[in-house]
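Before any comments, here is the structure.
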Amino acid sequence: MITIWSRLCHPLRGDDFLKTAMNLNKEEIQYYHRHLILSQIGKTGQQALKKAKVLIVGAGGLGCPILMYLSGAGVGRIGIVDPDKVTVSNLHRQVLYGFSQVGEFKAEAAVNRLKDLNPNIVLEAYAQRVSPENAGDLISQYDVVVDATDNFPTRYLINDFCVYLDKPFVSGSIDRFQGQLSVLNFTDNQGKKCPTYRCLFPTPPAPEIAPDCSQNGVIGVLPGIIGNLQANEVIKMICGVGEVLSGKVLIFDALSNQMMLFSIQRNEQAVQQALQNAPDFESFDYESFCSSNRQKINEISSVDLHKKLQNNEKIQLIDVRSIPEFQEELPNAVRIPLNNLQANIHNISKNDSLVVFYCDHGINSVRAIRMLPNHHKLKNVFNLTGGLAAWLKEEKK
Amino acid sequence: MLTIQDTDNMADLKSKLIISYPDLKDYTFRMAVNQQMVEDNHLLFDNDLVAVMPPFAGG
Chain A
261 MITIWSRLCH PLRGDDFLKT AMNLNKEEIQ YYHRHLILSQ IGKTGQQALK KAKVLIVGAG
321 GLGCPILMYL SGAGVGRIGI VDPDKVTVSN LHRQVLYGFS QVGEFKAEAA VNRLKDLNPN
381 IVLEAYAQRV SPENAGDLIS QYDVVVDATD NFPTRYLIND FCVYLDKPFV SGSIDRFQGQ
441 LSVLNFTDNQ GKKCPTYRCL FPTPPAPEIA PDCSQNGVIG VLPGIIGNLQ ANEVIKMICG
501 VGEVLSGKVL IFDALSNQMM LFSIQRNEQA VQQALQNAPD FESFDYESFC SSNRQKINEI
561 SSVDLHKKLQ NNEKIQLIDV RSIPEFQEEL PNAVRIPLNN LQANIHNISK NDSLVVFYCD
621 HGINSVRAIR MLPNHHKLKN VFNLTGGLAA WLKEEKK
Chain B
67 MLTIQDTDNM ADLKSKLIIS YPDLKDYTFR MAVNQQMVED NHLLFDNDLV AVMPPFAGG
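For the protein sequence lines, the chains are A and B, in the order given. Read left to right, the first sequence gives residues 261 to 657 (the numbering used here). Read left to right, the second sequence gives residues 67 to 125 (the numbering used here).
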């Protein structure tokens, strides 16, 4: 139920308002004034926001605007899940952070900034990866989940837990100049169950087919636009106003300014796929589920590669980066950028006991291995798991 | 804008697209006709507007 305030009976005039505002203190009334005078939000909506509990998974490009605006909007309890630390290459779009937070956990840096933005809300930092082991505990504590992650295993995991625990979630994703957005697993006011992520995409793509921002690039403003649209859906859902973006997916193109809505149907078979592992989600490996439709590629961890290099094993290292994110490189690596690979295939040795491809994050190097002609697809070709990012992390230990 | 003739349903269109764009066969994508997501057995008619939508990973 939404209270309608007319301009003639301004909500801030008179003691009646203060009495009925019950759980909003004087400072909050000032803080949320521009919300309180909106007929669609008003006191009822603001109290609903204060009571609401929202979990934001991912405090990166999408997560930053979502966190800032939901904190400003007065969502009473906000959980922030992200295992990563702030890096310099985050800052051009993750504007919640600055140089002084580089190296800090994003979840913790975000809480420190947001409690200054709005001291009247509860913020909880979870500097950990959301996994089948912790997702149930985390998600069950909140009313709404926001998917602001950067990988498919986590997107399917969030979907499956939200379906199992009957929570709506707002999904956003970005690639270069385009974004996608939808409110999924929502129950409408007639009690009808709406589509889920698996109804939209029943089968996941292989990671190297749908790379993330660190591989493909992204214009800095794009997560700002899509993240704010996600925050707007959260607010509408909580306040019960407007039309929730459910049963539809919105596509935005920053180059043409085209915004298109596509309607989607709930697919019960796909929904059941989400529930097939419930409640024993721990036994389900989302990583391999998201790469199972592709031929397996040999992977080598930073630890194992380090050991082999120390033992002076004959290893050829191929660096496929074009514009490196990290200045460091592995010793004696041959540099063959992905886009020049075909022309430089002859530089890849067939005699070394091991050929290890690497890049910044271990995704473009998989693409490179898949581009090798058949006679090169030897048993001794490996991908450095997690790329230089993982290698450098290991080195710091 | 791409004009395709003699195409019956989405599965048919998909296989024709893969002939013109071989890389598509490795991709996961959904197709929409006139802004409605459809399955492979959906029939196509003259002047239908078809959109191809891959999932995005980035966040």
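Glycine is no exception: its CB is placed at the ideal position from the N, C-alpha and C atoms.
#### Entry: Spatial distance of A/ALA514 from B/THR73 (CA atoms)
For the purposes of this step, residue 514 of chain A is identified with residue 254 of the first sequence, where counting begins at 1. For the purposes of this step, residue 73 of chain B is identified with residue 7 of the second sequence, where counting begins at 1. Using only the alpha carbons, I get a separation of about 32 Å.
### Message
Measuring straight from C-alpha to C-alpha, what distance separates A/GLU288 and A/ASN380?
### Response
If you number the first sequence from 1, residue 288 of chain A lands on position 28. If you number the first sequence from 1, residue 380 of chain A lands on position 120. Cα to Cα, A/GLU288 sits roughly 7 Å from A/ASN380.
### Query
Taking 8 Å as the CB-CB cut-off, is B/LEU109 touching chain A?
Stepping through the second sequence from its first residue, residue 109 of chain B is reached at position 43. No, B/LEU109 does not count as interfacial toward chain A.
### Task
Evaluate A/ARG415 with the Cβ neighbour count: other Cβ atoms within 10 Å of its Cβ, from every protein chain shown; 16 or more gives buried, anything less gives exposed.
In the first sequence, counting from the first residue as 1, residue 415 of chain A sits at position 155. A/ARG415 should be labelled buried.
### Query
Which chain A residues sit within Cβ distance under 8 Å of B/ALA98?
Numbered from its first residue, the second sequence carries residue 98 of chain B at position 32. Using a Cβ-Cβ cut-off of 8 Å, B/ALA98 is close to PHE522 of chain A, given in chain order.
### Task
Below 8 Å on the Cβ atoms is my guess for A/PRO343 versus A/ALA395; work out the distance and round it to an integer in Å.
Residue numbering aside, residue 343 of chain A sits at position 83 when the first sequence is read from its first letter. Residue numbering aside, residue 395 of chain A sits at position 135 when the first sequence is read from its first letter. So it is not a contact: roughly 13 Å between Cβ atoms.
### Query
With a cut-off of 8 Å, does the C-beta of A/PRO633 fall near any C-beta of chain B?
Walking along the first sequence from the start, residue 633 of chain A turns up at place 373. No, its Cβ sits nowhere closer than 8 Å to a Cβ of chain B.
### Message
For the region 83-95 of chain B, list every residue whose C-beta sits within 7 Å of some C-beta in chain C, in sequence order.
### Response
Considering every chain present, this structure includes no chain C. Its protein chains are A and B.
### Task
Counting only the same chain and skipping the five closest in sequence on each side, list residues whose C-beta sits under 8 Å from that of A/PHE549.
Working through the first sequence from its first residue, we reach residue 549 of chain A at position 289. Excluding positions up to five away in sequence, the list reads PRO413, TYR416 and PRO464.
### Query
With distances taken from CA atoms, which of A/ALA466, A/LEU444 and A/LYS286 is nearest A/ARG458?
In the first sequence, residue 458 of chain A corresponds to position 198, counting from 1. When each option's Cα is compared against that of A/ARG458, the closest is A/LEU444.
### Nearest-angstrom Cβ-Cβ length linking A/ILE560 and A/VAL616, presumed shorter than 8 Å
Residue numbering aside, residue 560 of chain A sits at position 300 when the first sequence is read from its first letter. Residue numbering aside, residue 616 of chain A sits at position 356 when the first sequence is read from its first letter. Rounded, the Cβ-Cβ distance is 6 Å, consistent with contact.
#### Entry: Boundaries (first-last residue) of the alpha helix (DSSP H) holding B/ASN113
Locating residue 113 of chain B in the second sequence gives position 47, counting from the first residue. B/ASN113 -> no alpha helix (DSSP H), and no H or E assigned at all.
### Query
CB-CB under 7 Å to A/LEU535, same chain, minus the five flanking residues each way: which ones, in chain order?
One-based indexing of the first sequence puts residue 535 of chain A at position 275. Cβ within range, chain order: VAL423 and TYR424.
#### Entry: Beta-carbon proximity check, A/HIS486 vs A/ILE434, cutoff 8 Å
In the first sequence, the residue the question calls residue 486 of chain A occupies position 226. In the first sequence, the residue the question calls residue 434 of chain A occupies position 174. Per the sequence presented here, residue 486 of chain A reads as Ile, with His not at that position. Here A/ILE486 is near A/ILE434, since their CB atoms are less than 8 Å apart.
### Query
Does DSSP put A/GLU468 in a helix, a strand or coil?
Your numbering for residue 468 of chain A matches position 208 in the first sequence. Three-state DSSP puts A/GLU468 in coil, outside helix and strand.
### Query
Is DSSP giving A/THR414 helix, strand or coil here?
Position 154 of the first sequence, counted from the first residue, corresponds to residue 414 of chain A. Three-state DSSP puts A/THR414 in a helix.
### Task
Give a yes or no on contact between the region 108-124 of chain B and the region 85-99 of chain B, applying the rule of three or more CB pairs nearer than 8 Å.
A contact is defined here as three or more CB-CB pairs under 8 Å, and the region 108-124 of chain B meets this definition with respect to the region 85-99 of chain B.
### Task
With 8 Å as the threshold, decide whether the Cβ of B/PRO117 is near any Cβ in chain A.
Looking up residue 117 of chain B in the second sequence gives position 51. One point to set straight first is that residue 117 of chain B is Ala, not Pro, in the sequence displayed. At a cut-off of 8 Å, the C-beta of B/ALA117 has a neighbouring C-beta in chain A.
### Task
Per DSSP, which residues does A/LEU383 bridge with? Please list them.
Here residue 383 of chain A refers to the residue found at position 123 when the first sequence is read from its first residue. In the DSSP assignment, A/LEU383 is bridged to A/ILE338.
### Task
Report, in whole angstroms, the separation of the C-beta atoms of A/LEU356 and A/LEU327, which I expect to be a contact under 8 Å.
Reading the first sequence from its first residue, position 96 is the one you call residue 356 of chain A. Reading the first sequence from its first residue, position 67 is the one you call residue 327 of chain A. About 6 Å separates the beta carbons of A/LEU356 and A/LEU327, which is inside the 8 Å limit, making them a contact pair.
### Message
A/PRO392 and A/GLU542 - do their beta-carbons sit closer together than 8 Å?
### Response
Taking the first sequence and counting its residues from 1, one reaches residue 542 of chain A at position 282. Taking the first sequence and counting its residues from 1, one reaches residue 392 of chain A at position 132. Contact flag set, yes.
### Task
Could you tell me whether any Cβ in chain B is nearer than 8 Å to the Cβ of A/CYS473?
Here the question's residue 473 of chain A lines up with position 213 in the first sequence. Taking Cβ atoms only, chain B reaches closer than 8 Å to A/CYS473, which makes this a yes.
#### Entry: For A/ALA530, the first and last residue of its enclosing alpha helix (DSSP H)
Taking the first residue of the first sequence as 1, we reach residue 530 of chain A at position 270. Per DSSP, A/ALA530 belongs to the alpha helix (DSSP H) from 528-535.
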